[in-house]
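Participant: These protein sequence lines are chains B and P, in that order.
Note that our numbering numbers the first sequence so that position 422 is 422, with each residue one more than the last.
If you want our numbering, it's the position in the second sequence, counting the first as 1, plus 618.
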Amino acid sequence: MGEATRAAAGQAERGSARATPAIRSALMIDCGSVYTKIALIGLVEDRYRLLARAQAPTTTTPPQADVQLGVREAIGEIERLTGRTLARNGQLIIPEQNDGAGVDAVALATSVGGPLRLLSTGPGREALSALIHRALGGLFVQVESLATLPPPPFDAEGQRTVAQTRALRPHGILVVGGAFGGARGPLAIEATAQNVARWLDTLRESEGESDSPNPDFPSQASPGRVLPVVYTGVADDAAPLASAVQGRAASFQSVGPLAPSANSLAPLNRAISALYDTTALLDIPGLSGLRSVANAAPIASITSLSGVVRYLSQHYKMNVVGVDVGANSTALAGATADGEFLPALHPTAGVGPGMGAILRAVGAPSVLRWMTLTTDENELREYALTRMLRPHALPSTPRELEMEYAFAREAIRLALHGPGSRLSGLSPLDVALGTGGVFANVAHPAQAALILLDALEPRGITSLVLDTAQLASMLGAAGVIAATAAMQVAESDAVPLPLGPMISTFGAVPEGQPAVRVALEFADGRQHVEDVAQGTLARLPLGLGERALLSLYPAPQIDVGLGPGRQARASEPIEGGALGMLVDTRGRPLQLPTATSERVARLSDWRQALGIETGERA
Amino acid sequence: MTTYALDYPLGRPVAPAINVRRRRALPPGATPFVQLNEQAHPDQVIAEMRGPNGVSQTRAGLAGRVVEVKTGHSVTIEGVATLIQGIVGVGGPVVGPLSFLPRGESLAVVPIPRGGIIVYPQRASLTLLQRAASGGAVGVIAGSASALELEAFTRTDLSSVFDGFTSPQGRQSLTVMLTEGFGDQTMDAAIFQLFTQRAGDVALLTGLTQPRINLRPEVLLPLPLGTAPMPTPLDNALTEGARVSVTAGPLRGARGTLVYMFAYPQISPADILTRSALIRLDDGSTKTVALSALDRLG
Numbered sequence: 001m002g003e004a005t006r007a008a009a010g011q012a013e014r015g016s017a018r019a020t021p022a023i024r025s026a027l028m029i030d031c032g033s034v035y036t037k038i039a040l041i042g043l044v045e046d047r048y049r050l051l052a053r054a055q056a057p058t059t060t061t062p063p064q065a066d067v068q069l070g071v072r073e074a075i076g077e078i079e080r081l082t083g084r085t086l087a088r089n090g091q092l093i094i095p096e097q098n099d100g101a102g103v104d105a106v107a108l109a110t111s112v113g114g115p116l117r118l119l120s121t122g123p124g125r126e127a128l129s130a131l132i133h134r135a136l137g138g139l140f141v142q143v144e145s146l147a148t149l150p151p152p153p154f155d156a157e158g159q160r161t162v163a164q165t166r167a168l169r170p171h172g173i174l175v176v177g178g179a180f181g182g183a184r185g186p187l188a189i190e191a192t193a194q195n196v197a198r199w200l201d202t203l204r205e206s207e208g209e210s211d212s213p214n215p216d217f218p219s220q221a222s223p224g225r226v227l228p229v230v231y232t233g234v235a236d237d238a239a240p241l242a243s244a245v246q247g248r249a250a251s252f253q254s255v256g257p258l259a260p261s262a263n264s265l266a267p268l269n270r271a272i273s274a275l276y277d278t279t280a281l282l283d284i285p286g287l288s289g290l291r292s293v294a295n296a297a298p299i300a301s302i303t304s305l306s307g308v309v310r311y312l313s314q315h316y317k318m319n320v321v322g323v324d325v326g327a328n329s330t331a332l333a334g335a336t337a338d339g340e341f342l343p344a345l346h347p348t349a350g351v352g353p354g355m356g357a358i359l360r361a362v363g364a365p366s367v368l369r370w371m372t373l374t375t376d377e378n379e380l381r382e383y384a385l386t387r388m389l390r391p392h393a394l395p396s397t398p399r400e401l402e403m404e405y406a407f408a409r410e411a412i413r414l415a416l417h418g419p420g421s422r423l424s425g426l427s428p429l430d431v432a433l434g435t436g437g438v439f440a441n442v443a444h445p446a447q448a449a450l451i452l453l454d455a456l457e458p459r460g461i462t463s464l465v466l467d468t469a470q471l472a473s474m475l476g477a478a479g480v481i482a483a484t485a486a487m488q489v490a491e492s493d494a495v496p497l498p499l500g501p502m503i504s505t506f507g508a509v510p511e512g513q514p515a516v517r518v519a520l521e522f523a524d525g526r527q528h529v530e531d532v533a534q535g536t537l538a539r540l541p542l543g544l545g546e547r548a549l550l551s552l553y554p555a556p557q558i559d560v561g562l563g564p565g566r567q568a569r570a571s572e573p574i575e576g577g578a579l580g581m582l583v584d585t586r587g588r589p590l591q592l593p594t595a596t597s598e599r600v601a602r603l604s605d606w607r608q609a610l611g612i613e614t615g616e617r618a
Numbered sequence: 619m620t621t622y623a624l625d626y627p628l629g630r631p632v633a634p635a636i637n638v639r640r641r642r643a644l645p646p647g648a649t650p651f652v653q654l655n656e657q658a659h660p661d662q663v664i665a666e667m668r669g670p671n672g673v674s675q676t677r678a679g680l681a682g683r684v685v686e687v688k689t690g691h692s693v694t695i696e697g698v699a700t701l702i703q704g705i706v707g708v709g710g711p712v713v714g715p716l717s718f719l720p721r722g723e724s725l726a727v728v729p730i731p732r733g734g735i736i737v738y739p740q741r742a743s744l745t746l747l748q749r750a751a752s753g754g755a756v757g758v759i760a761g762s763a764s765a766l767e768l769e770a771f772t773r774t775d776l777s778s779v780f781d782g783f784t785s786p787q788g789r790q791s792l793t794v795m796l797t798e799g800f801g802d803q804t805m806d807a808a809i810f811q812l813f814t815q816r817a818g819d820v821a822l823l824t825g826l827t828q829p830r831i832n833l834r835p836e837v838l839l840p841l842p843l844g845t846a847p848m849p850t851p852l853d854n855a856l857t858e859g860a861r862v863s864v865t866a867g868p869l870r871g872a873r874g875t876l877v878y879m880f881a882y883p884q885i886s887p888a889d890i891l892t893r894s895a896l897i898r899l900d901d902g903s904t905k906t907v908a909l910s911a912l913d914r915l916g
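1. I'd like to know if residue 205/B contacts chain P, where contact means its C-beta is closer than 9 Å to some C-beta of that chain.
2. What does residue 144/B reach in chain P if we use C-beta pairs closer than 8 Å?
3. Under 7 Å Cβ to Cβ from residue 284/B, same chain only, skipping five residues before and after it: list those, please.
4. DSSP three-state label for residue 355/B, please.
5. Does residue 384/B come within less than 9 Å of chain P when only Cβ atoms are used?
6. If you compare alpha carbons, which of 383/B, 47/B, 343/B and 126/B is closest to residue 765/P?
7. In terms of residue numbering, what span does the beta strand (DSSP E) encompassing residue 255/B cover?
8. Residue 706/P touches chain B at which residues, Cβ-Cβ below 7 Å?
9. Along the region 350-361 of chain B, what residues have a CB closer than 8 Å to any CB found in chain P?
10. Between residue 229/B and residue 158/B, is the Cβ-Cβ spacing less than 9 Å?
11. What in chain B is Cβ-close to residue 776/P, meaning under 9 Å?
12. Closest by CA to residue 669/P, which one among 774/P, 839/P and 646/P?
13. What do you get for residue 638/P, buried or exposed, if any count of 16 or more other CB atoms within 10 angstroms of its CB means buried?
14. Does the beta-carbon of residue 221/B have 16 or more other beta-carbons within 10 angstroms, so that it is buried, or is it exposed?
15. Roughly how many angstroms separate the alpha carbons of residue 611/B and residue 446/B, rounded to a whole number?
16. Measure the alpha-carbon distance for residue 524/B versus residue 518/B and round it to whole angstroms.
17. Quick one: Cα of residue 870/P to Cα of residue 397/B, how far?
18. State the Cα-Cα distance for the pair residue 451/B and residue 249/B, rounded to the nearest angstrom.
19. Using the Cβ count rule (16 or more neighbours within 10 Å means buried), how would you classify residue 276/B?
20. Would you tell me roughly how many angstroms separate the C-alpha atoms of residue 892/P and residue 410/B, rounded to the nearest one?
21. Let me check understanding here. Comparing Cα to Cα, which of 912/P, 703/P and 649/P lies closest to residue 857/P?
22. Would you verify that the beta carbon of residue 171/B is, or is not, closer than 9 Å to some beta carbon of chain P?
23. So residue 456/B packs on residue 344/B, CB below 8 Å; how close in whole Å?
24. Kindly provide the ranges of any alpha helix (DSSP H) runs that are 4 or more residues long and lie completely inside the region 474-534 of chain B, ordered along the chain.
25. Which residues of chain P have a Cβ atom closer than 9 Å to the Cβ of residue 82/B, listed in chain order?
26. How close, in whole Å, do the beta carbons of residue 497/B and residue 578/B come, if the pair is a contact with beta carbons under 8 Å?
27. For chain B, find out if any of its Cβ atoms is closer than 9 Å to the Cβ of residue 743/P; answer yes or no.
28. So with CB distances below 8 Å, who are the chain P contacts of residue 393/B?
29. Output the distance between the C-alpha atoms of residue 631/P and residue 886/P, rounded to the nearest integer angstrom.
30. Would you decide whether residue 252/B is buried or exposed? Buried here means 16 or more other CB atoms lie within 10 Å of its CB.
31. So what does DSSP say about residue 843/P, is it helix, strand or coil?
32. Is there a Cβ from chain B that is less than 9 Å from the Cβ of residue 881/P?
33. Run down chain B in chain order and give the residues with a C-beta less than 8 Å from the C-beta of residue 854/P.
34. How many angstroms separate the CA atom of residue 570/B from the CA atom of residue 435/B?
35. Assign residue 755/P to one of three DSSP states: helix, strand, or coil.
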């Protein structure tokens with residue numbers, strides 16, 4: 001069992017999961033940072049299926065500062081769609097009644113309120129950073145370094161450091177003890193303890209409360225917090241740290257030192273998972289009301305997605321990556337056929353308010369390179385800033401939609417290549433599952449395929465799948481309370497739109513020369529043979545659900561996943577998807593021409609090859 | 619089923635008369651001139667600090683009762699005011715009379731009202747912002763501005779400001795509020811009319827903008843003592859009959875009445891399915907608009 005699954009199970013235990021006898025129906029709720037998604041699942045001929053889904057804006061700030069209002073709106077939409085009564089007088093009907101009203105169970109996933117923001121410090125922080133990322137994999141956590149703070153009074157530099165740290169609105173401090181004892185010693189941990197104590201005192205001062213010009217809205221102030229401290233390391237070093245933070249920290253928890261084995265990573269995973277539940281979720285108005293009807297404690301959406309991806313990878317014995325581009329964060333959850341879990345998260349980059357973080361991280365030119373419509377930096381910045389100011393906005397013109405997709409590509413790439421990610425080297429990537437609003441609302445499924453290809457740059461043969469019902473980020477939470485139901489819905493409804501198999505070659509021959517000959521042999525004896533030139537995208541005629549035997553004959557310098565020039569012939573037929581079968585000979589890493597006209601022409605060609613209209617209707 | 623317009627903390631961009639409390643920060647060492655429960659008027663000096671560079675005064679900006687005095691730190695006043703929220707702003711609280719520039723004069727030479735808050739219903743250019751700052755105005759309320767020009771003026775990455783990582787107000791003397799946002803948008807005629815009716819009145823303008831913590835720019839227009847406040851938040855439900863404005867897309871800036879909520883998602887001009895409503899615009903035409911692109915006005 002991987003960290004994510006353990007975290008989910010651990011949260012369920014802490015959340016005093018209620019015994020759920022035979023569950024006939026369940027409501028899955030995913031409170032996203034901008035939109036709340038709800039799905040009703042139930043038994044249909046002895047199998048659990050998706051019955052209906054709906055979404056409504058998440059309501060966590062004035063004038064509707066109660067997350068339950070958005071949930072009620074989405075529930076009302078499901079009632080309207082299904083004709084089934086789920087709530088009376090604003091209260092969910094639990095359990096399901098004889099007349100079919102109500103549901104037996106409620107599962108809750110959330111990314112609202114953002115990640116658990118941890119400040120990390122300690123003698124082992126640098127040396128053990130890879131292990132920290134592994135231990136926290138699958139959790140909705142943002143880890144930032146805690147600066148060294150001199151004793152007050154602070155000079156201008158110190159004040160700036162304090163202001164920047166406050167702006168992060170941290171939830172806790174993570175102290176990482178020395179690696180394997182080498183860097184530990186009384187001096188190292190005592191210096192860390194002093195620094196942590198100083199920070200706890202500084203952050204506790206209610207700077208926000210006293211400076212806010214507008215006391216009418218408490219949420220506008222950022223009052224000082226008494227932060228909890230989690231320590232991972234040898235027991236000997238825990239004592240001086242505990243002594244230093246006593247009376248200053250909200251709590252102090254010590255877990256064992258980090259080591260590469262999964263067992264040694266689990267305690268920190270559980271401790272931080274609990275911290276998310278008790279601190280990050282604490283500020284969300286109305287969440288307690290949802291907790292009271294949920295069968296288990298809420299889990300983070302990425303944790304939920306991770307559970308589903310792990311299940312799919314084990315069930316189909318394949319390497320699977322789930323991609324969820326949210327408004328405020330981007331989560332990638334990878335799992336290999338042999339059970340390795342490879343999460344990658346960018347906690348602040350997304351296609352809503354998270355666009356600001358993308359611009360700061362990669363700069364406007366990196367986003368603009370994906371645009372075919374003439375767009376200058378000012379227009380891009382205005383769009384991104386407006387999305388920060390109006391979180392619920394959606395693209396309203398083709399140009400804005402193209403900007404949205406450009407940001408989505410960069411968000412995925414940021415998460416994929418971010419600190420601690422081991423996902424970028426995953427090969428082969430058998431299945432790429434796109435979920436979340438960007439993929440669910442695409443104007444053309446080829447847009448989703450292109451976003452996944454451009455951002456993930458898979459090699460070899462990959463199946464692209466869209467979770468158009470946006471179930472993946474809920475099903476992990478549902479699995480905690482009703483595992484069978486979650487598994488059956490994952491198999492039947494979470495992968496409802498196969499886009500088709502994708503062949504991605506790497507290596508290069510001169511532009512325009514054949515990179516690979518693709519042969520499809522159909523059951524009725526028909527054959528389709530096509531030479532795909534280097535630097536292109538091709539869409540082959542393999543209809544949705546149609547099966548054919550695939551043979552690949554690459555040029556000597558071209559690799560289709562088996563080695564340069566090695567031919568491949570599938571032993572089993574492959575199945576076509578909504579886009580037929582795709583071949584990507586653009587090479588790896590994907591490089592776009594630097595000259596604008598050439599780049600736009602190339603992007604337009606690729607889109608047209610997949611059937612996407614270009615120009616103002618792109 | 620009800621859905622809401624959620625971009626304004628009070629429910630709508632304009633609240634004609636609401637009860638507000640505002641904390642007026644004092645410079646370190648300033649001496650407060652008001653006492654608890656005292657009635658303050660907007661132009662009243664509530665604190666003063668004498669330093670090597672002269673006298674620095676803090677004015678109330680708001681008509682109301684002093685509800686808290688923290689010597690050397692802040693004075694909090696509670697009163698009834700007209701509140702107009704902008705969509706974006708920069709800069710801390712400033713107090714000054716609402717002022718208008720003479721029509722037809724070049725921005726390069728137009729006289730700037732020293733100490734005033736300039737109401738400019740069009741797109742504010744970098745030239746206007748620079749001239750307003752150098753000419754001694756304390757604030758500009760404009761319809762819109764270019765993002766790059768506003769960033770050039772503040773010398774700040776606004777995305778960093780909105781996320782709370784940078785604060786530009788310490789570096790600039792001019793507070794700016796845009797009622798319609800970025801781009802090239804004229805100020806809503808009703809809001810501009812409201813400003814013109816209050817020309818010369820002392821107002822309290824704040825440009826602080828941090829959407830993640832629901833901090834939005836605002837201008838407070840004081841009302842006479844004894845004015846009865848309206849209950850808040852104002853109704854922001856997007857229902858049939860509601861007066862709305864379009865905030866994005868080809869119809870951005872248009873006003874109208876919501877006449878029908880579609881039961882099923884509609885295809886937007888961006889070619890995506892989204893929940894939508896039929897709007898009868900003020901020009902008499904009817905258009906389908908995504909709910910996510912609507913503000914409730916009345």
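Note that beta-carbon positions come from the ideal geometry of N, C-alpha and C, so glycine has one too.
Facilitator: This is what the structure holds:
1. The sequence position of residue 205/B within the first sequence is 205, counting from 1. It does not: the Cβ of residue 205/B has no partner Cβ on chain P nearer than 9 Å.
2. Taking the first residue of the first sequence as 1, we reach residue 144/B at position 144. Simply none; closest approach about 11 Å.
3. Position 284 of the first sequence, counting from 1, holds the residue named residue 284/B. Same-chain partners within the cutoff: 60, 67, 112 and 113.
4. Taking the first residue of the first sequence as 1, we reach residue 355/B at position 355. The answer is helix: DSSP assigns residue 355/B an H, G or I state.
5. The sequence position of residue 384/B within the first sequence is 384, counting from 1. Yes, residue 384/B lies at the interface with chain P (some Cβ there is under 9 Å from its Cβ).
6. As a working mapping, residue 765/P is identified with position 147 in the second sequence. The candidate whose alpha carbon is nearest that of residue 765/P is 383/B.
7. Here residue 255/B refers to the residue found at position 255 when the first sequence is read from its first residue. Segment 252-255, the beta strand (DSSP E) holding residue 255/B.
8. Taking the first residue of the second sequence as 1, we reach residue 706/P at position 88. Under the 7 Å cutoff, chain B gives 389.
9. 353, 355, 356, 357, 359 and 360
10. Here residue 229/B refers to the residue found at position 229 when the first sequence is read from its first residue. Here residue 158/B refers to the residue found at position 158 when the first sequence is read from its first residue. Not closer than 9 Å, so no.
11. For the purposes of this step, residue 776/P is taken as residue 158 along the second sequence, with counting starting at 1. In chain order: 356, 381, 385 and 388.
12. On the second sequence, residue 669/P is found 51 positions in, with the first residue counted as 1. Here the closest residue by C-alpha is 646/P.
13. Numbered from 1 along the second sequence, position 20 holds the residue referred to as residue 638/P. Buried, since its Cβ has 16 or more Cβ neighbours within 10 Å.
14. On the first sequence, position 221 is the one that residue 221/B refers to. At residue 221/B the pLDDT is 41, less than 50, meaning the model places this residue with poor confidence; the figure from the coordinates comes in the next sentence. It is buried - the Cβ of residue 221/B has at least 16 other Cβ atoms within 10 Å.
15. For this step, residue 611/B is matched to residue 611 along the first sequence. For this step, residue 446/B is matched to residue 446 along the first sequence. Rounded to the nearest angstrom, the two C-alpha atoms are 7 Å apart.
16. Along the first sequence, one-based indexing puts residue 524/B at 524. Along the first sequence, one-based indexing puts residue 518/B at 518. Those two C-alpha atoms are separated by around 18 Å.
17. Position 252 of the second sequence, counted from the first residue, corresponds to residue 870/P. Position 397 of the first sequence, counted from the first residue, corresponds to residue 397/B. If I take the Cα positions, the gap works out to 11 Å.
18. Looking up residue 451/B in the first sequence gives position 451. Looking up residue 249/B in the first sequence gives position 249. Answer to the nearest angstrom: the Cα atoms are 44 Å apart.
19. Position 276 of the first sequence, counted from the start, is the residue given in the question as residue 276/B. Its Cβ being crowded by 16 or more others within 10 Å, residue 276/B is buried.
20. Start at 1 with the first residue of the second sequence, and residue 892/P comes out as number 274. Start at 1 with the first residue of the first sequence, and residue 410/B comes out as number 410. In a straight line, the C-alpha of residue 892/P is about 24 Å away from that of residue 410/B.
21. Your numbering for residue 857/P matches position 239 in the second sequence. Of the candidates 912/P, 703/P and 649/P, the one whose C-alpha sits nearest the C-alpha of residue 857/P is 912/P.
22. Indexing the first sequence from 1 puts residue 171/B at position 171. No, no contact with chain P.
23. Numbered from its first residue, the first sequence carries residue 456/B at position 456. Numbered from its first residue, the first sequence carries residue 344/B at position 344. No, residue 456/B and residue 344/B are not in contact; Cβ-Cβ is about 11 Å, not under 8 Å.
24. 483-492
25. In the first sequence, residue 82/B corresponds to position 82, counting from 1. Going along chain P, no residue has its Cβ under 9 Å from residue 82/B, so there is no contact; the nearest lies around 13 Å.
26. For the purposes of this step, residue 497/B is taken as residue 497 along the first sequence, with counting starting at 1. For the purposes of this step, residue 578/B is taken as residue 578 along the first sequence, with counting starting at 1. Sure, about 6 Å apart at Cβ, within 8 Å.
27. In the second sequence, residue 743/P corresponds to position 125, counting from 1. Residue 743/P does not count as touching chain B.
28. Here residue 393/B corresponds to residue number 393 of the first sequence, with the count starting at 1. Going along chain P in sequence order, the residues near residue 393/B (Cβ under 8 Å) are 865, 866, 910 and 911.
29. Position 13 of the second sequence, counted from the first residue, corresponds to residue 631/P. Position 268 of the second sequence, counted from the first residue, corresponds to residue 886/P. Computed Cα separation, rounded: 25 Å.
30. By one-based count along the first sequence, residue 252/B stands at place 252. With 16 or more other Cβ atoms within 10 Å, it is buried.
31. The count along the second sequence starts at 1 and reaches residue 843/P at position 225. Residue 843/P falls in the coil class under three-state DSSP.
32. Your numbering for residue 881/P matches position 263 in the second sequence. Chain B contact via Cβ: present.
33. Sequence index remark: in the second sequence, residue 854/P carries index 236 (1-based). 63 and 64, listed in chain order.
34. Counted from its first residue, the first sequence places residue 570/B at position 570. Counted from its first residue, the first sequence places residue 435/B at position 435. Each residue's alpha carbon lies about 28 Å from the other.
35. For this step, residue 755/P is matched to residue 137 along the second sequence. Residue 755/P: coil per DSSP, three-state reduction.
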